[in-house]
Amino acid sequence: MNQDIKKNSIIRLFNVSKRYNGKFALKDINLDIEQGEFIQISGPSGAGKSTLLKVLYLAEKVSEGQILIDGMNLARISSSRLPLLRRRFGMVFQDFKLIPNRTVYENVALVLEAAGEKSDYIRKKVMQVLRTTDMDKKAKALPLTLSGGEQQRVAVARALVGEPSIILADEPTGSLDTKSAQVVLDFIMEYHKKGATVLIATHNLHLLESTVRGKNIEITEGTIKRTATML
Amino acid sequence: MSHFIKKALSDIRLNRFLNLVTIFTISLSILVVSVFMLFFENAGRVIEAWNQGGRAMVYLKDNFTKDMLLEIKEKINNVGNIQEMVFISKDEALDRLRKEVSPNSAFLKTLQGNPLPNAFEIKMKSYNNIEEVETFAKKIKEIEIVEDVEYGQGWLGKFLKIFNLFKITGYAMCGLFFLIALFITSNTVRLAFYSRKIEVEVMRLVGATETFIKAPFYMEGILQGFIGGILGLVILLVAYLMISSGITQGLSSYIYFDIRFLSIKTIILIILVSTFLGWFGCYLSLKQILK
Ligand SMILES: Nc1ncnc2c1ncn2[C@@H]1O[C@H](COP(=O)(O)OP(=O)(O)O)[C@@H](O)[C@H]1O
Ligand SMILES: [Mg+2]
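Just so you know, the protein sequences line up as chains V and G, in that order. For my numbering, add 5 to where a residue sits in the first sequence, where the first one is 1. For my numbering, add 339 to where a residue sits in the second sequence, where the first one is 1.
Here it is, written out as C-alpha cells:
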C-alpha cells in the first residue's frame, strides 16, 4: 500500500478482460506501469500482446475492468476527446502503417498538423526528428521506395515527433533483419532515456534482454504468466 | 486552409480519372441547368417587352366625370396587385396621339371632337402567368364605370402557357440532373474515402480529429463542384458565342434577334449551387460512411 503511493504510475489496469465473441483475448489483467519504465511484453503468437496495446490506445474497448492512463479513465473518454488520448502515445507497428502516397516528410509532419502546430515549428521539428533517426536525406522519398528498415525508422520518427510521454510498439522489429531491428530499437531506447515510458510487444524473447534494463511481462492465453526485471 | 486546398488539389491529381469523370458530370448537369436558365432569362425578357411590363389599360364609360376619380381609384386599388396607376384623361390621350402621329396627317384632320375615352394606365405588381393577368382584368371589369380592360394580346397568353410548360419541364430536368450530379459526387467521395482507408486509419491513430480527417474530402468535393460549375458555364459560353455569331451573321438582316448571355447574378448563383452540390455530395457520403 505504502509502495503504491510512492509510485508515479502512468498506466494502470484493474482486472481488465477483453473478449472476442465470448473468447478471452485478455483475462483479468492487473498492471501498474511507472513513468519512465521500459516494458517488454512477450509471449507466443496469439497470446494477447496486440490486444493489450489496443485497449490502451482505445482501438478496442475492454469487456471488463478499468484502465487509467495518466489519471484519465479510458471508460470515460468520449469520442471527441479520443484524439487527445492518442496524442499522448507514439505508436510503432510491425507493418509500419505509413501512408503510401505521402512523402517521408509528410508522413511525419501529419502528426503535428493534426495537433494544430504552427508550420514553422512543424518544419523545424520534423527535420530534426528525421535527423535523429537518420532519415533526413530521404525526406522527399515515398515510403514504398524505401527498405523495411528505413520505413520503420520513418515510423519511429513519426512516433517521436509529437514528443509523447508513452511509446507503444507492436512487434516493431517483426519484419526487419537483425541489423535493422537493432537500429530501430536503439532509436526507441534513446528516446526512452529522455524519460519516456515504453511498451514493446514482441514474440522474440531474446531481442531486448541484452540491451535493456526494464521489465519483461510474459503473457500466454491472455493472462500474465510472469513478470521479471531484466538487468 | 491553404494546406487543405493544396492537399485537395494533389488528391484530385492522384485520383485523376475518377475526379475528371465527376467534374465532367457536374459540368454536364450545370450545362443543362444553365441552358434552361439562359432560355428563361431571354424568354422572360421578351415576354416582359411584349407585355410592356405588366401594363393594362382600363377604359372608362362616357358618363365618367372628374369627381368620380377618387372613388374609382380606390375601387381599382382594392383589387390589389397594383404597382402604379396613372389617370389619363380624354384630352391627355388626344395630346399623346397628336404627338405620335404627324400633326397635319389626314387622320387627325378628319377627327371631330375627341373620340378617345378617359382611362387608367395600370402597372401590375406581378404578371407571371396569363391566369393572373386575366383574373385581374376580370375583377377590374366588374367595376361599374369601367367599359373595358385591355392587356396582352391573345397570342401572348398562348405563349405564356407554352412558356410555363417549358418552365415545369425545365425544373424537372434541373432537378433530375442535380440528383445525378449529387449521386456521382457522393460516390466519388465514397471511393476516394475507401482508396484512402489507410490514410484515414493512420490519421486516427496519430490523434487527428474527425474534422481534420474530413476536411480534405470536403475541400475536394467543393473544388469539384466549383470547377465543374465553371466548366459547364464555359462550355455554354462557347456554344453561345458560336451560335449567336452565326445567328447575327445569317439572320440579323431579316429579324431582330437578341439573345443575351446569363446575367452575372445567375452566373454567380449557378457557381454557388454547383459548389454546394459538391459539398452536399460529400456530406451525404461521409455521413453514411462514418457511423
Ligand atoms: N478483431 C478480432 N476479432 C476476433 N478475435 C480476435 C481479434 N483480434 C484478436 N483476436 C484474438 O485474440 C487473441 C489475441 O490476439 P492478439 O492480441 O493479436 O495476439 P498477439 O498479438 O499476442 O499475437 C487471438 O486468439 C486472436 O485470434
Ligand atoms: Mg500481435
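Here a beta-carbon is modelled for each residue, glycine too, at the ideal position from N, C-alpha and C. Keep in mind it's a predicted model, so treat the numbers as computed, not measured.
{"Asked": "Pocket of ligand 4 (residues with CB nearer than 5 Å to any heavy atom), chain order", "Found": "As for ligand 4, it is missing from this structure, which binds only ligand 1 and ligand 2."}
{"Asked": "CB contact check: residue 546/G to chain V, cutoff 8 Å", "Found": "yes"}
{"Asked": "Residues within the region 171–183 of chain V neighbouring chain G, beta-carbon criterion of under 8 Å", "Found": "none"}
{"Asked": "Residues from the region 534–567 of chain G in contact with chain C, defined by Cβ distance under 7 Å", "Found": "In the structure shown, chain C cannot be found, because the protein chains are V and G."}
{"Asked": "Closer than 7 Å: residue 195/V CB and nearest ligand 2 heavy atom", "Found": "no"}
{"Asked": "Same chain, Cβ closer than 8 Å to residue 138/V, five either side skipped, listed in chain order", "Found": "158, 159, 161, 162, 165, 192"}
{"Asked": "Separation of residue 509/G from residue 415/G, as counted between CA atoms", "Found": "36 Å"}
{"Asked": "Closer than 8 Å to chain G by CB, residue 96/V", "Found": "yes"}
{"Asked": "Spatial neighbours of residue 346/G in its chain, beta-carbon cut-off 8 Å, leaving aside the 5 residues before and after", "Found": "555, 558"}
{"Asked": "For residue 7/V, the three-state DSSP class (helix, strand or coil)", "Found": "Its pLDDT being 47, under 50, residue 7/V is placed unreliably in this model, and the value from its coordinates should be taken loosely. Correct three-state label for residue 7/V: helix."}
{"Asked": "Cutoff 8 Å: residue 91/V Cβ touching any chain G Cβ", "Found": "yes"}
{"Asked": "C-alpha gap between residue 368/G and residue 115/V, whole angstroms", "Found": "37 Å"}
{"Asked": "At least 3 beta-carbon pairs within less than 8 Å: the region 349–366 of chain G vs the region 69–83 of chain V", "Found": "no"}
{"Asked": "Proximal residues to residue 458/G (C-beta, below 7 Å), its chain only, five neighbours per side dropped", "Found": "396, 397, 398, 399, 427, 432"}
{"Asked": "8 Å Cβ cutoff, residue 115/V in contact with chain G", "Found": "yes"}
{"Asked": "Boundaries of the alpha helix (DSSP H) in which residue 481/G is found, first to last residue", "Found": "No alpha helix (DSSP H) holds residue 481/G; DSSP gives it neither H nor E."}
{"Asked": "Host beta strand (DSSP E) of residue 434/G (start-end)", "Found": "No beta strand (DSSP E) contains residue 434/G, which is instead part of the alpha helix (DSSP H) from 429–439."}
{"Asked": "Residue 125/V: first and last residue of the uninterrupted alpha helix (DSSP H) it sits in", "Found": "124–137"}
{"Asked": "Cα-Cα separation between residue 349/G and residue 343/G, rounded to whole angstroms", "Found": "10 Å"}
{"Asked": "Spatial distance of residue 224/V from residue 54/V (CA atoms)", "Found": "7 Å"}
{"Asked": "Contacts that residue 105/V makes with chain G (C-beta to C-beta distance below 8 Å)", "Found": "537"}
{"Asked": "Min CB distance residue 88/V to chain G below 8 Å", "Found": "yes"}
{"Asked": "Status (buried if at least 16 other CB within 10 Å, exposed otherwise) for residue 490/G", "Found": "buried"}
{"Asked": "Cβ-heavy atom distance, residue 175/V to ligand 2, below 7 Å", "Found": "yes"}
{"Asked": "The region 479–487 of chain G / the region 573–583 of chain G touching (three or more Cβ pairs under 8 Å)", "Found": "no"}
{"Asked": "Nearest to residue 144/V (by Cα), restricted to the options 120/V, 119/V, 112/V", "Found": "112/V"}
{"Asked": "Beta-bridge pairing of residue 219/V - partner residues as DSSP gives them", "Found": "235/V"}
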